[in-house]
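Take any residue in the sequence shown, note its place counting from 1, add 41, and you have its number in the numbering used here. Glycine included, every Cβ here is placed at the ideal spot set by N, Cα and C. Computed from a predicted structure; not experimentally measured. First comes the structure, then the notes that go with it.
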Amino acid sequence: MRYALVVPAAGSGRRFGASVLRKQYEPLAGATVIEHALAPFLADSRCHRVVVAIAADDAAWPQVAGRCQVRAVCPVVAVTGGAERAQSVQRVLAALKEGADDDEWVLVHDAVRPCVSRAEIDTLIAAALSHPVGGLLAVPVADTLKRGTHQRGGTLQVERTEARESLWRALTPQMFRLGPLARALAGALAAQRQPTDEAQAMEWQGLAPLLVPGDVRNIKVTTPADLALAEALLQGRGTVRESS
């Protein structure tokens, strides 16, 4: 089994705060967020190509790419991404189509999920490989969920409690075949719909991706507090590199 890794990383990171760095380039445990996110894939012999979608004005990527390529068992290249995640993934898939067929597997992973483990990747591949659609890592919702409603004056109050049974938090990587995923994204964008992840685009095609239990430690770095948590998780795992 071989797969290509797709990494959308063209976003501005608006929710991260006032940092001048895009959040994937924030320092983390001796490297950067994106280097940790890529690390288990770069060491995986099944991964034959890594394509990262970056912003047109991204000046930080070349240096990071050089460090990644030294550790990689496959080529690490970049394409210019789009304004939204779906456009970025679509552009990467278009690049991958050269020399590939529709049945090739692709794994899509967030550039800001630095704590994904090789064990999770192996679990996803083993489960989704024989599934007709593909699948994604996810974890069941554990917290009580409240639906809020805004009141006059800007206050927010509880409207009701939502049932959490059968609800899962979507993680990455997500694993689908190149052709069906490309068509799903093209269909969504043609209808002027923006899927928040690749699984949603597949769902809009009437398909049902497989939910594969992941690890709650596979967090997404969205705020500075998440960065501190990721640092602690990586240190606890012993995944800290000497600064280069």
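Item                                                                                                                                                                      : Value
Let me know if Ser129 comes out buried or exposed under the rule of 16 or more other beta-carbons within 10 Å of its beta-carbon.                                         : buried
Let me know if Asp184 comes out buried or exposed under the rule of 16 or more other beta-carbons within 10 Å of its beta-carbon.                                         : exposed
Hey, which unbroken runs of the beta strand (DSSP E) at 3 residues or more fall wholly within the stretch 163-244?                                                        : 175-181, 186-191, 197-203, 209-218
Measure the beta-carbon distance from Leu79 to Val48 and round it to whole angstroms, keeping in mind my assumption that it falls under 8 Å.                              : 7 Å
Excluding the 5 residues preceding and the 5 following Ala45 in the sequence, name in chain order all residues of the same chain whose CB lies nearer than 6 Å to its CB. : Arg90, Leu137, Val147
Excluding the five sequence neighbours on either side, which residues of its own chain have a C-beta within less than 6 Å of the C-beta of Gln246, listed in chain order? : Ala225
How many angstroms separate the CA atom of Leu275 from the CA atom of Arg193?                                                                                             : 44 Å
Over what stretch of residues does the alpha helix (DSSP H) that includes Arg278 continue unbroken?                                                                       : 265-278
Using C-beta distances below 8 Å, list every residue in its chain close to Pro81, excluding the 5 sequence neighbours before and after it, in chain order.                : Val157, Ser158, Arg159, Ile162
Tell me, to the nearest whole angstrom, how far the beta carbon of Leu134 is from that of Pro250; I am working on the premise that it is less than 8 Å.                   : In fact, because the Cβ distance is near 17 Å, the residues do not count as touching under 8 Å.
For Glu203, which of Ala273, Lys261, Gly107, Leu186 has the nearest alpha-carbon?                                                                                         : Leu186
Whole angstroms are fine: how far does the CA of Leu62 sit from the CA of Leu266?                                                                                         : Reading the sequence as shown, one finds Ala at residue 266 and not Leu. Between Ala266 and Leu62, the C-alpha separation is close to 16 Å.
Helix or strand or just coil, what does DSSP make of His77?                                                                                                               : helix
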